[in-house]
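**Student:** Count along the sequence shown from 1, add 1, and you get the number used in our numbering.
Glycine included, C-beta positions come from ideal geometry on N, C-alpha and C.
Have a look at this one.
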Amino acid sequence: MPPVPAPEPPLVAASHDLTLALELADIADRLTLARFGAQDLVVETKPDLTPVSEADRDVEQALRERLAGARPGDTVFGEEYGGSEAPAGGRRWILDPIDGTKSYVRGIPAWATLLALQQDGELVVGVVSAPALGRRWWAQRGAGAYARDALHEAPRRLRVSAVRDLADAQISYGGLEDFDGIGRLHALSALGRRCWRTRGYGDFWSYMLVAEGAVEIGLDANVSLWDLAAPKVIVEQAGGRFTDFSGAGTVADGSAIASNGLLHEAARQILLA
2 MPPVPAPEPP LVAASHDLTL ALELADIADR LTLARFGAQD LVVETKPDLT PVSEADRDVE
62 QALRERLAGA RPGDTVFGEE YGGSEAPAGG RRWILDPIDG TKSYVRGIPA WATLLALQQD
122 GELVVGVVSA PALGRRWWAQ RGAGAYARDA LHEAPRRLRV SAVRDLADAQ ISYGGLEDFD
182 GIGRLHALSA LGRRCWRTRG YGDFWSYMLV AEGAVEIGLD ANVSLWDLAA PKVIVEQAGG
242 RFTDFSGAGT VADGSAIASN GLLHEAARQI LLA
């Protein structure tokens, strides 16, 4: 008789902060979906030559307004309107209204709103919502990571994979031009050759696939705090590891590697070779 699988752990009750973060994701989803694919969508180029749409700005403004009412003592840091460091012992919300704006403005559904809460210097809540894909992921520190999608009626607990050999691993990465820009394209290629399968899902999705156990390694060579804060919480609460290329646990150093933990150092050493 085959072994009986272990029961799923119960869904942990959401904290007030996670409940608010999920509410913020609902607000963002309504706004982003309403303008996705619109022929009159206004798109501009920011000083760093990346695109920004009216939806990016409208979403961040709406989230800031809701936070001002719900958490007036908290600071906010967002991709479009900046912000400040959290005061010592304070709280800071980190917002990316649309992660994957280049996909959003081209009609590609792989984009998401990213929300995280940092408290006393630690990231404690993360939500990633990709409404055009029908998927949402969330986590709170010490309470696990979960996802909901159109195929499952109830939320499911996330766990990273148990793959221990690079030869059996899937790897997902961001833009090749970013790796080329830091002189590590050859290293990415070397890592890819050691792995079973390579795919360039990019942006938030690489990290969420790591958290789901579908991919073992997710990489980016040119990313910002708002790109990584929410994914870091979710990957770590799913049992994975999330660092920059040097191995530091920061999300503010411009690079990121997420993994199932078992392959983290092996992948990182090849990247730095």
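Please say whether Y202 and P232 have beta carbons closer to each other than 8 Å?
**Tutor:** No.
**Student:** Counting Cβ pairs closer than 8 Å, one from the region 148 to 164 and one from the region 183 to 191, do we hit at least three?
**Tutor:** Contact fails: fewer than three Cβ-Cβ distances are below 8 Å.
**Student:** Only counting the same chain, and skipping five residues up and downstream in sequence, which positions put a Cβ closer than 7 Å to that of D121?
**Tutor:** If we look at D121 and ignore the five residues flanking it on each side, its Cβ neighbours are G90.
**Student:** Between which two residues does the alpha helix (DSSP H) harbouring V211 extend?
**Tutor:** Where V211 is concerned, the enclosing alpha helix (DSSP H) stretches over D204 to E213.
**Student:** Within a Cβ cutoff of 7 Å, which residues of the same chain sit near G38, ignoring the five residues on either side of it in sequence?
**Tutor:** Correct list, in chain order: G108.
**Student:** Within its chain, find whatever has a CB closer than 8 Å to the CB of G262; leave out the 5 residues flanking it on each side and keep chain order.
**Tutor:** Correct list, in chain order: V161, G240, G241 and R242.
**Student:** What are the boundary residues of the beta strand (DSSP E) that includes Y174?
**Tutor:** Element bounds for Y174: Q171 to Y174.
**Student:** For D100, count the other beta carbons within 10 Å of its own beta carbon; 16 or more makes it buried, fewer makes it exposed. Which is it?
**Tutor:** With 16 or more Cβ atoms within 10 Å of its Cβ, D100 is classed as buried.
**Student:** Can you name the start and end residues of the alpha helix (DSSP H) that R198 belongs to?
**Tutor:** Note, R198: premise wrong, no alpha helix (DSSP H); beta strand (DSSP E) at R198 to R200.
**Student:** Below 8 Å on the Cβ atoms is my contact criterion, and I expect A111 with L134 to pass it. Report the Cβ-Cβ distance as a whole number of Å.
**Tutor:** 7 Å between Cβ atoms; contact.
**Student:** Kindly provide the ranges of any alpha helix (DSSP H) runs that are 4 or more residues long and lie completely inside the region 39 to 106, ordered along the chain.
**Tutor:** Within the region 39 to 106, the complete alpha helix (DSSP H) runs of at least 4 residues are 55 to 71 and 102 to 106.
**Student:** Taking only three categories from DSSP, how would you classify V236?
**Tutor:** It is helical.
**Student:** CB-CB under 6 Å to V53, same chain, minus the five flanking residues each way: which ones, in chain order?
**Tutor:** Within the same chain, V53 has close Cβ partners E45 and K47.
**Student:** So is V43 buried or exposed if we call it buried at 16+ other beta carbons inside 10 Å?
**Tutor:** Its Cβ having fewer than 16 others within 10 Å, V43 is exposed.
**Student:** Express the C-alpha separation of S260 and D254 in angstroms, rounding to a whole number.
**Tutor:** If I take the Cα positions, the gap works out to 17 Å.
**Student:** Based on Cα-Cα distance, which residue from V129, D181, A230 and G143 lies nearest to R93?
**Tutor:** Among V129, D181, A230 and G143, the Cα nearest to that of R93 is on A230.
**Student:** Pick helix, strand or coil for A268, following the three-state DSSP scheme.
**Tutor:** In the structure shown, A268 sits in a helix (DSSP, three-state: H, G or I).
**Student:** Applying the 10 Å Cβ sphere with the 16-neighbour rule, what's the burial state of R194?
**Tutor:** Classification for R194: exposed.
**Student:** R195 CB to nearest chain D CB: under 8 Å?
**Tutor:** In the displayed structure, chain D is absent; only one protein chain is listed.
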